[in-house]
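Using full-length UniProt numbering, you'd call the opening residue of the first sequence number 1 and step up by one each time. We put the CB at the ideal spot given by N, CA and C, even for glycine. Report on the structure given below.
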Amino acid sequence: MTGVFSEWYKLPMSLSELCINTTLRCGQSFRWQKIPESEEWRCVLYGRLFSLKQDSNHLYYRTYSSDALPTPPSSVLPSRATSDTENNDGKLHTEKPGDDQLVSILKHYLNLSSNLSELYNQWSAQDPNFKKKAAAFSGVRILRQDPWEALVSFICSSNNNISRISQMVEKLCIHYGPFVATIGERVYHDFPAPDALAGKDVESKLRSLGFGYRAKYIYQTAVMVSQEREKGWLNDLCNPESPAFGIEAKAGDEMKPEGRDGYRNAHEKLLELQGVGPKVSDCVCLMGLGWGESVPVDTHVWQIAQRDYRFGKSSQKTLNKATYDAVANHFRKLWGQEAGWAHSVLFTADLRSFADRLATTKKVDVKVKEEESEVKIETEVKTAVALTAPKVEAEVKNEQEKDIVKGTASKKRKAPAESIIHAGHTTETRRTSKRLRR
DNA sequence: TGTCGCCCTAAGTA
DNA sequence: ATACTTAGGGCGA
Numbered sequence: 001m002t003g004v005f006s007e008w009y010k011l012p013m014s015l016s017e018l019c020i021n022t023t024l025r026c027g028q029s030f031r032w033q034k035i036p037e038s039e040e041w042r043c044v045l046y047g048r049l050f051s052l053k054q055d056s057n058h059l060y061y062r063t064y065s066s067d068a069l070p071t072p073p074s075s076v077l078p079s080r081a082t083s084d085t086e087n088n089d090g091k092l093h094t095e096k097p098g099d100d101q102l103v104s105i106l107k108h109y110l111n112l113s114s115n116l117s118e119l120y121n122q123w124s125a126q127d128p129n130f131k132k133k134a135a136a137f138s139g140v141r142i143l144r145q146d147p148w149e150a151l152v153s154f155i156c157s158s159n160n161n162i163s164r165i166s167q168m169v170e171k172l173c174i175h176y177g178p179f180v181a182t183i184g185e186r187v188y189h190d191f192p193a194p195d196a197l198a199g200k201d202v203e204s205k206l207r208s209l210g211f212g213y214r215a216k217y218i219y220q221t222a223v224m225v226s227q228e229r230e231k232g233w234l235n236d237l238c239n240p241e242s243p244a245f246g247i248e249a250k251a252g253d254e255m256k257p258e259g260r261d262g263y264r265n266a267h268e269k270l271l272e273l274q275g276v277g278p279k280v281s282d283c284v285c286l287m288g289l290g291w292g293e294s295v296p297v298d299t300h301v302w303q304i305a306q307r308d309y310r311f312g313k314s315s316q317k318t319l320n321k322a323t324y325d326a327v328a329n330h331f332r333k334l335w336g337q338e339a340g341w342a343h344s345v346l347f348t349a350d351l352r353s354f355a356d357r358l359a360t361t362k363k364v365d366v367k368v369k370e371e372e373s374e375v376k377i378e379t380e381v382k383t384a385v386a387l388t389a390p391k392v393e394a395e396v397k398n399e400q401e402k403d404i405v406k407g408t409a410s411k412k413r414k415a416p417a418e419s420i421i422h423a424g425h426t427t428e429t430r431r432t433s434k435r436l437r438r
């Protein structure tokens, strides 16, 4: 089968508004494929193979069309979690030229409506640590992924790494997702719909494919979403201000330290699913449902909170429900309504695979003023390398840099005991624990 | 309410 | 080489 790419179209885009080289590999999406020896990224979205590349002034995009499988009907465009093809596609049947619809899809998926530079400025003004860390990581934007895909992807993410999660998601697409195109050796499928993963033999098949204990979670969640919930159940948990593609935006409710009511509700409902705890639920809320205040707290973020925000040391406190809510609420109060976006910037800055951003390291003495105390500490000054150069990671030069990457450095700072933040003092105790309801 | 052992796998580490 | 740990958790006791 043959096919052809469209010409490249382009959108004006600065790297501070969107850096695809960071955004597409920072662990929020797992399906984007970097073409070797090229700056090009590919992924199937809404049944179409998209291709992206970027320079300092523009984002370039094109799509691929197979001869035997022309542009899919627009009925596939609404989210896969809705197996209803008749009610939700009203806005998608408009007779727009192809490139016009492509740019709508891209602007929606890439979440381009907000001004990211302005958000970085606000977070930096509120938080010196953010300002310091974010310098080398501009253009990290939260994508609007399909809620169902986000749900399954983050069920896969437990006790796992980005590389293997990506492989598992790829297997789901190849074995259960609709075929889209073949280019060279590479076969492109879209992500499977819920009912495609609810078959009787799915669990055993996934186990044989190396999913481990996640196989049961995926199968059980697919059954619940496709058979035991109303159609559109998952999409209805979306932030009304950030709805699924093709749905009208509505006004949202009021922001609170623990998040808006709609966010709390979505978070809670997701906990009913198998294999979904607080962290996975927050990932889906943030990256699939458009709730910007969702702050997923994993072991990594927990370490960041202890290291840079004076939460109790790990030897004293473990990451439990109370500390989870305390950390998330703290970041919501610090960064505001889009706290989850800021969180992702710091998370990315600590990812091992981005060690090449810490190209040169030299020791200097810096006076850092934090709250009342002025502490003289020894710190590292990192100089960013070009953001558009996805080169092979430079070898970690010495133990010091290795520690930075692992997030185990900076035991040098000693914080006053009074300023350590304790979970019980900073958050209202929530009674919404998944386990307590059982 | 908090803590612990267990669940799967593959790559990295000692 | 072989055992152990880690990698963006969740669940039940």
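When the options are compared against residue i, the one with the closest alpha-carbon
| i | options | result |
| --- | --- | --- |
| Val-202 | Phe-191, Cys-173, Ala-215, Ser-163 | Ala-215 |
| Met-255 | Lys-133, Tyr-263, Val-187 | Tyr-263 |
| His-300 | Leu-206, Lys-279, Gly-232 | Lys-279 |
| Leu-351 | Thr-22, Leu-15, Trp-41 | Thr-22 |
| Asp-195 | Lys-269, Ser-204, Gly-177 | Gly-177 |
| Leu-209 | Arg-31, Arg-144, Gln-167, Lys-34 | Gln-167 |
| Leu-270 | Lys-333, Arg-260, Cys-238 | Cys-238 |
| Lys-321 | Gly-336, Arg-307, Gly-277 | Gly-277 |
| Gln-274 | Phe-211, Val-225, Asn-329 | Val-225 |
| Ala-355 | Cys-26, Lys-333, Met-13, Arg-31 | Cys-26 |
| Phe-245 | Pro-147, Asn-121, Pro-257, Lys-231 | Pro-147 |
| Leu-110 | His-267, Asp-261, Ile-162, Leu-143 | Leu-143 |
| Glu-162 | Leu-24, Phe-50, Ser-204 | One point to set straight first is that residue 162 is Ile, not Glu, in the sequence displayed. Closest by alpha carbon: Leu-24. |
| Lys-200 | Phe-191, Tyr-219, Gly-212, Glu-230 | Tyr-219 |
C-alpha gap between residue i and residue j, whole angstroms
| i | j | result |
| --- | --- | --- |
| residue 476 | Val-345 | Summary: the structure shown does not reach residue 476, with the chain confined to residues 1 through 438, and so no result is reported for it. |
| Leu-59 | Leu-52 | 7 Å |
| Trp-302 | Gly-184 | 43 Å |
| Leu-172 | Phe-154 | 13 Å |
| Ser-281 | Val-44 | 24 Å |
| Ile-100 | Tyr-309 | A quick correction: the sequence has Asp, not Ile, at residue 100. Rounded to whole angstroms, Asp-100 to Tyr-309 spans 45 Å at the Cα level. |
| Ile-20 | Asp-55 | 10 Å |
| Ser-6 | Asp-127 | 44 Å |
| Glu-338 | Asn-57 | 26 Å |
| Pro-347 | Lys-107 | Per the sequence shown, the amino acid found at residue 347 is Phe instead of Pro. Cα-Cα distance, rounded: 24 Å. |
| Tyr-188 | Glu-149 | 16 Å |
| residue 441 | Ala-266 | Nothing about residue 441 can be read from this structure; the chain reaches only from 1 to 438. |
| Lys-34 | Lys-333 | 36 Å |
| Pro-36 | Asp-261 | 44 Å |
| Thr-388 | Leu-116 | Because the pLDDT at Thr-388 is just 31, under 50, the model does not fix this residue reliably, and the value given afterwards should be weighed accordingly. Rounded to the nearest angstrom, the two C-alpha atoms are 18 Å apart. |
| Leu-112 | Trp-233 | 26 Å |
Residues near residue i in its chain [Cβ-Cβ closer than 7 Å; skip 5 each side]
| i | result |
| --- | --- |
| Lys-131 | Ser-124 |
| Ala-305 | Phe-311, Val-327 |
| Val-169 | Phe-30, Arg-31, Ser-153, Cys-156 |
| Gln-227 | Ala-198 |
Paired residues, beta bridge with residue i - DSSP
| i | result |
| --- | --- |
| Lys-53 | Tyr-60 |
| Leu-45 | Arg-48 |
| Asn-65 | The amino acid occupying residue 65 in the given sequence is Ser; Asn does not appear at that position. Note: Ser-65 sits in a beta bridge opposite Val-4. |
| Lys-186 | What sits at residue 186 in the sequence shown is Arg, not Lys. In DSSP, Arg-186 forms a bridge with Ile-183. |
| Tyr-9 | Tyr-61 |
| Phe-30 | Answer is none; Phe-30 lacks a bridge partner. |
| Phe-137 | None, per the DSSP bridge assignment. |
Anticipated Cβ contact below 8 Å, residue i with residue j, distance rounded
| i | j | result |
| --- | --- | --- |
| Ala-181 | Ala-198 | About 26 Å; that fails the 8 Å criterion. |
| Gly-340 | Gly-292 | 5 Å |
| Val-297 | Leu-319 | 7 Å |
| Tyr-9 | Tyr-64 | Not a contact, Cβ separation roughly 13 Å. |
| Val-103 | Leu-15 | Not really, about 19 Å apart at Cβ, beyond 8 Å. |
Close beta carbons around residue i, own chain, < 6 Å, minus the five adjacent residues each side
| i | result |
| --- | --- |
| Glu-241 | Ala-249, Gly-252 |
| Phe-179 | His-189 |
Cutoff 8 Å; reference residue i; Cβ partners in own chain excluding five residues on either side
| i | result |
| --- | --- |
| Ala-349 | Lys-133, Ala-134, Ala-136, Phe-137, Arg-357 |
Cβ-heavy atom distance, residue i to the ligand FMN, below 7 Å
| i | result |
| --- | --- |
| Gly-3 | Among the components modelled here there is no ligand, and therefore nothing to report on the ligand FMN. |
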